[in-house]
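Enquirer: Those protein sequences? They're chains X and A, same order as listed. For what it's worth, our numbering labels the leading residue of the first sequence as 220, then goes sequentially. For what it's worth, our numbering labels the leading residue of the second sequence as 42, then goes sequentially. Please find one structure pasted underneath; my questions will follow.
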Amino acid sequence: MPSAIRTDKLTKRYRRVTALDRVDLDVTEGSVYALVGQNGAGKTTAIKLLLNLISGSAGHAEILGVPSTHLRGKSYTEIGYVSENQEIPEWMKVEYLLDYLREFYPTWDPALERSLIKQFELPLDRKIKALSRGMKMKLALASALAFHPRLIILDEPFGGLDPLVREQLIEGLLERATESTIFISSHDLAEIESFASHVGYLESGKLLFSEDMNSLSVRFREVEIIRHSDSPLPTALPDTWLQTKSSGAVVRFVDSRFDEQRATAEIARVFGPVRDTQFRPLTLRSIFLAMARKSEEA
Amino acid sequence: MDQILHIFKKDIRRHWPEILLSLALLALYTNRALHPWTNLLDSYPLSRSFYFFLVTGEYIAPVLVIFWLFLVIRVVQGESLVGDRQWWTTKPYVWWQLLLAKLLFVVVFICVPLFHVQLFLLHYFKFPILRNLLPLFWMQLSLFLILICFCVLLASLTKNLVQVLLVVGVAALVAIAAALWNRETYSHSSPMEATPPFVDHLGDLLIYGGLASAVTWQFARRRRWITVLASIVLIGFVAAISTAFTSSKVAERRYTFVDRSAAPLNISVRPIEISNANKDYSSDPSPEVQLTIPVTVSGVPAGSVIQLNAVNIHAESPEKSTWSRDWLYESQDFWPEDQEKTLAYSVDRKEYQKIRDTPLQLRVDLAISEYQLVDAHTLPIASQRFSDHALGECRISSLDNSRLHCLYPTGIPDHVIRFDPQKSGCFDDASEERGQADTISYAWKSGDERGFPDPELSPISDFDPWFQPVSLTSSQNETTKRRSVRLCPGTLLTLSRPVLRRKLHIRLDPFNARLEDLAVAPLRFSFR
Chain X
220 MPSAIRTDKL
230 TKRYRRVTAL
240 DRVDLDVTEG
250 SVYALVGQNG
260 AGKTTAIKLL
270 LNLISGSAGH
280 AEILGVPSTH
290 LRGKSYTEIG
300 YVSENQEIPE
310 WMKVEYLLDY
320 LREFYPTWDP
330 ALERSLIKQF
340 ELPLDRKIKA
350 LSRGMKMKLA
360 LASALAFHPR
370 LIILDEPFGG
380 LDPLVREQLI
390 EGLLERATES
400 TIFISSHDLA
410 EIESFASHVG
420 YLESGKLLFS
430 EDMNSLSVRF
440 REVEIIRHSD
450 SPLPTALPDT
460 WLQTKSSGAV
470 VRFVDSRFDE
480 QRATAEIARV
490 FGPVRDTQFR
500 PLTLRSIFLA
510 MARKSEEA
Chain A
42 MDQILHIFKK
52 DIRRHWPEIL
62 LSLALLALYT
72 NRALHPWTNL
82 LDSYPLSRSF
92 YFFLVTGEYI
102 APVLVIFWLF
112 LVIRVVQGES
122 LVGDRQWWTT
132 KPYVWWQLLL
142 AKLLFVVVFI
152 CVPLFHVQLF
162 LLHYFKFPIL
172 RNLLPLFWMQ
182 LSLFLILICF
192 CVLLASLTKN
202 LVQVLLVVGV
212 AALVAIAAAL
222 WNRETYSHSS
232 PMEATPPFVD
242 HLGDLLIYGG
252 LASAVTWQFA
262 RRRRWITVLA
272 SIVLIGFVAA
282 ISTAFTSSKV
292 AERRYTFVDR
302 SAAPLNISVR
312 PIEISNANKD
322 YSSDPSPEVQ
332 LTIPVTVSGV
342 PAGSVIQLNA
352 VNIHAESPEK
362 STWSRDWLYE
372 SQDFWPEDQE
382 KTLAYSVDRK
392 EYQKIRDTPL
402 QLRVDLAISE
412 YQLVDAHTLP
422 IASQRFSDHA
432 LGECRISSLD
442 NSRLHCLYPT
452 GIPDHVIRFD
462 PQKSGCFDDA
472 SEERGQADTI
482 SYAWKSGDER
492 GFPDPELSPI
502 SDFDPWFQPV
512 SLTSSQNETT
522 KRRSVRLCPG
532 TLLTLSRPVL
542 RRKLHIRLDP
552 FNARLEDLAV
562 APLRFSFR
């Protein structure tokens with residue numbers, strides 16, 4: 220599959236602070252890629268570099284086959300961008316904004332526009348400055364979807380929205396997921412989990428991993444062991460075990476490279492024979508908490 | 042093109058209240074410009090219309106220009122070029138179409154209405170329109186380059202009006218600080234300096250080219266700090282080359298040194314009176330002491346005028362130590378009827394204190410311009426308005442009846458007006474001892490060094506030819522009865538056009554004096 224987004228050692232430094240550190244991304248066309256990480260991890264910086272809103276310090280990025288530094292003017296007819304931080308012209312009315320934008324996009328679909336207005340219940344005669352935050356995000360999303368973009372980039376679109384609005388936004392987005400590549404940054408893991416096909420984890424500007432959701436959920440397991448005695452934990456534990464804790468004879472940890480046979484063999488090597496072992500799948504949230512804590516400990 | 046018009050229409054929709062206000066201000070300005078003869082005394086006694094005039098008339102032009110600048114800034118910042126959160130930057134805007142849309146707005150709502158007003162004013166005052174189209178074009182270009190382009194650049198480098206005001210405030214503070222430093226550091230007199238023409242042209246090219254390039258670059262790339270840095274470097278470079286090439290030598294080379302026998306006038310220093318007054322100015326706050334040198338003048342050919350441009354004094358003491366400063370600008374006119382004049386020069390106060398009572402041999406050099414007066418013709422003053430092809434539409438000033446008040450299209454014409462009060466018969470016996478003497482008077486304006494036109498709004502130039510009497514010898518002045526002179530209907534003026542013939546450097550015969558014999562007591566101001 221061709222790449223919708225590809226970066227090669229993309230780096231952004233602000234004087235002594237490295238906001239993004241040699242990030243290699245490959246987002247295949249048609250995927251729903253979620254870039255997750257804590258606040259300040261570098262997600263927004265990455266998106267601004269991809270969209271040529273700021274210039275990078277090193278590395279290279281390509282969007283739909285075009286170097287990101289060449290993105291301007293007509294290139295944006297194929298990219299829909301929604302961000303919680305964007306300054307929409309608030310003096311316009313909703314209807315006028317859509318009318319105004321229509322002229323810029325040769326692929327603008329009036330029928331889709333009408334359907335999005337209906338779906339998002341947008342008040343056409345209201346000025347944008349009078350809209351709630353949720354309404355503004357819905358308007359931004361409608362204006363980013365109505366021209367059938369090949370790539371939709373969303374920067375923290377759900378921040379501070381009530382659950383109903385989030386649900387409406389996700390629904391609207393998913394209906395278009397088949398025809399577009401979606402690249403979404405968020406720290407709201409619960410929503411991402413339901414529809415992302417790929418996920419990347421950014422921590423302090425570094426991309427710790429980037430893979431598809433299925434392999435990620437297979438790779439991480441919470442492991443609970445009941446030992447025969449409550450002896451202290453050995454000091455040398457495998458690197459792939461995260462957040463190892465013991466309580467009496469019970470030991471719990473997250474295996475970040477789970478394979479049942481290998482995990483069983485490692486447990487036997489570390490603890491010897493055990494009374495019981497259980498492997499439980501993890502939510503995306505639990506996986507990222509484990510990763511974040513490991514990073515903090517490091 | 043579609044995008045240009047699309048953005049343009051959006052800007053009209055957004056800024057229509059400001060557009061209407063701008064047109065209303067322009068209408069008020071036009072109304073004011075239709076009455077150039079109006080002044081405060083004409084409006085006496087005070088009336089409501091007078092107050093309206095006072096509020097709108099005097100301030101309407103600056104208010105209009107400031108409002109235009111505000112409008113340009115608002116329109117450009119509608120799609121702010123600073124920051125990374127603007128909504129439009131991720132939409133398919135083509136940068137050059139955005140730039141052209143903004144310029145189209147400026148042209149349609151500022152330049153075109155102003156152009157129509159200018160044509161209307163020319164028509165109203167019965168000046169030829171076709172002949173003045175090219176000067177009008179230059180006026181518009183000048184307004185566009187100097188005000189609008191600069192304003193577009195400022196708007197493209199700032200995010201909002203607050204940032205604009207901050208930049209303007211900081212620039213004003215820097216200018217005030219520089220002016221204060223300049224006043225403390227440098228003398229008040231102006232040294233005669235010049236820059237070679239190619240440096241002037243190169244500077245203009247770099248500044249205007251740089252301005253246009255900076256605007257274009259900022260629209261194309263939106264890299265504020267690179268644009269700011271490049272602009273500062275360019276301004277610094279232009280200032281550096283201008284400073285490096287500006288010197289008194291360049292100015293002096295424009296004046297050909299001629300022997301006094303080849304000079305177009307005879308000028309010699311009158312005997313210097315020995316001064317017994319205490320002229321110790323060591324405690325005076327002024328950085329300079331002014332010297333005056335009385336001279337007699339004769340031999341200025343009829344149909345000519347000699348303009349004094351600069352003076353240089355070189356001094357030598359009996360011990361052969363020398364002192365000299367540099368050429369200083371000094372403006373005086375020598376007419377054929379002139380007999381006595383006084384040259385002025387300034388010396389550094391500390392230098393003066395050192396040598397003030399030393400007998401010196403002084404050598405005075407003058408930089409002069411010789412003008413030939415051509416196309417002479419007479420003009421009788423009519424009781425109301427009168428017109429002349431060389432002077433425009435004129436009338437006697439209602440504020441001062443020894444002046445004319447004239448209107449001329451697109452600039453002030455070069456003119457010399459000769460007025461002989463003896464032949465006018467318009468003496469005002471009631472006000473003897475006031476006003477000018479009843480000797481021959483001249484009013485003149487030369488425009489031999491016209492540069493780029495000023496960014497003015499009105500094509501009608503408003504000027505007051507001011508008559509100054511020639512200087513006769515003291516004895517004649519004393520014996521001539523001094524009576525106030527006024528211009529009155531029937532007065533015959535002689536008009537001519539000054540044409541620069543040559544610029545000369547002449548040297549007067551050396552003379553002996555002490556500086557304190559030439560020094561003038563400094564003016565002292567006190568506030569109570």
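A virtual CB, placed ideally from N, CA and C, is assigned to each residue, including glycine.
(1) According to DSSP, is L349/A helix, strand or coil?
(2) Are the Cβ atoms of L414/A and V338/A separated by less than 8 angstroms?
(3) At a CB distance below 7 angstroms, what residues from the segment 119-134 of chain A approach chain X? Give them in sequence order.
(4) Contact criterion: CB-CB distance below 8 angstroms. Does L81/A meet it with respect to chain X?
(5) DSSP state of S362/X, grouped into three classes?
(6) Residues in its own chain within less than 6 angstroms of Y393/A by CB, not counting five upstream and five downstream?
(7) Looking only at its chain, what residues have a beta carbon closer than 8 angstroms to the beta carbon of A511/X, apart from the 5 residues adjacent to it on each side?
(8) Check whether the Cβ of G391/X lies closer than 8 angstroms to any Cβ atom in chain A.
(9) Measure the Cβ-Cβ separation of S250/X and S404/X and say whether it is below 8 angstroms.
(10) Taking only beta carbons into account, state which residues of the segment 273-294 of chain X come closer than 8 angstroms to chain A, listed in chain order.
(11) Can you tell me the Cα-Cα spacing of L82/A and Q259/A, whole angstroms?
(12) Check whether the Cβ atoms of S283/A and G244/A sit closer than 8 angstroms, and answer yes or no.
(13) For D227/X, collect the residues of the same chain with a Cβ closer than 7 angstroms to its Cβ; drop the 5 residues on either side in sequence, then sort them by chain order.
(14) Taking the DSSP output, what are the residues bridged to E430/X?
(15) Could you work out which residues of chain A lie near E422/X, taking near to mean beta carbons separated by less than 7 angstroms?
(16) Just checking: is the beta-carbon of Q497/X within a distance shorter than 8 angstroms of some beta-carbon in chain A?
(17) Pull up the distance between the alpha-carbon of P328/A and that of T236/A, whole angstroms please.
(18) For a test of the three-state rule: what should DSSP assign to Y233/X, helix, strand or coil?
(19) Can you tell me whether DSSP reads N223/A as helix, strand or coil?
(20) Using CA coordinates, which residue listed in C190/A, I101/A, I45/A, A196/A is at the minimum distance from V117/A?
(21) Taking just the CA atoms, how far does F375/A sit from H341/A?
(22) Would you mind working out which of T363/A, L432/A, A431/A sits nearest L403/A, comparing C-alpha positions?
(23) Taking Cβ-Cβ distances shorter than 8 angstroms, what residues in chain A pair up with L317/X?
(24) Pick helix, strand or coil for H446/A, following the three-state DSSP scheme.
(25) Given S272/A, which residues of its chain have a CB within under 6 angstroms of its CB, disregarding the five upstream and five downstream residues?
(26) Does the beta-carbon of Y165/A have 16 or more other beta-carbons within 10 angstroms, so that it is buried, or is it exposed?
(27) Looking at C-alpha atoms only, which residue of L549/A, L66/A, Y70/A, A408/A is the closest neighbour of R311/A?
(28) Under a CB-based cut-off of 8 angstroms, is E306/X close to chain A?
(29) Does W310/X come within less than 8 angstroms of chain A when only Cβ atoms are used?
(30) Between which two residues does the beta strand (DSSP E) carrying W364/A extend?
(31) What residues in the segment 231-256 of chain X have a beta carbon less than 8 angstroms from any beta carbon of chain A?
(32) Check the DSSP bridge columns for T333/A and list the partner residues they point to.
(33) Counting only runs that start and end within the segment 160-197 of chain A, where is the alpha helix (DSSP H) found for 4 or more residues in a row?
(34) Quick one: which chain A residues come within Cβ less than 7 angstroms of L270/X?
(35) With 7 angstroms as the C-beta to C-beta threshold (strictly closer), list the residues of the segment 45-64 of chain A near chain X in chain order.
(36) So if DSSP puts F427/A in a beta bridge, which residue, or which two residues, is it bridged to?
Expert: The relevant details are as follows:
(1) strand
(2) no
(3) D125, R126, Q127, W128, T130, T131, K132, P133, Y134
(4) Caution is warranted here: a pLDDT of 44 is assigned to L81/A, below 50, making its placement in the model unreliable, and no coordinate value can be reported.
(5) helix
(6) V330, L556
(7) Here the set comprises Q257, E422.
(8) No, because no Cβ of chain A sits closer than 8 angstroms to the Cβ of G391/X.
(9) no
(10) For the segment 273-294 of chain X, which is checked against every Cβ of chain A, the residues closer than 8 angstroms are I273, S274, R291, G292, K293, S294.
(11) Bear in mind that the predicted position of L82/A carries a pLDDT of just 44, short of 50, making it unreliable; the figure below should be weighed with that in mind. Straight-line Cα distance between these residues: approximately 51 angstroms.
(12) yes
(13) D243, G278, H279
(14) Residue pairing by DSSP places E430/X opposite V418/X in a beta bridge.
(15) The premise fails here: E422/X is roughly 23 angstroms from chain A at the closest Cβ pair, so nothing lies under 7 angstroms.
(16) no
(17) 26 angstroms
(18) strand
(19) helix
(20) A196/A
(21) According to the sequence displayed, residue 341/A carries Val and not His. In a straight line, the C-alpha of V341/A is about 7 angstroms away from that of F375/A.
(22) In this structure, T363/A is the residue among T363/A, L432/A, A431/A with its C-alpha nearest to the C-alpha of L403/A.
(23) Residues of chain A passing the Cβ test: none, with the nearest at roughly 13 angstroms.
(24) Of the three classes helix, strand and coil, the one that applies to H446/A here is strand, per DSSP.
(25) Hits under 6 angstroms: A255.
(26) Per the 10 Å Cβ criterion, exposed.
(27) L549/A
(28) yes
(29) yes
(30) 363-365
(31) none
(32) In DSSP, T333/A forms a bridge with A385/A.
(33) 174-184, 191-197
(34) Those within 7 angstroms of L270/X in chain A are T131.
(35) Of all residues in the segment 45-64 of chain A, only H47, K51, R55 place a beta-carbon less than 7 angstroms from a beta-carbon of chain X.
(36) C435/A
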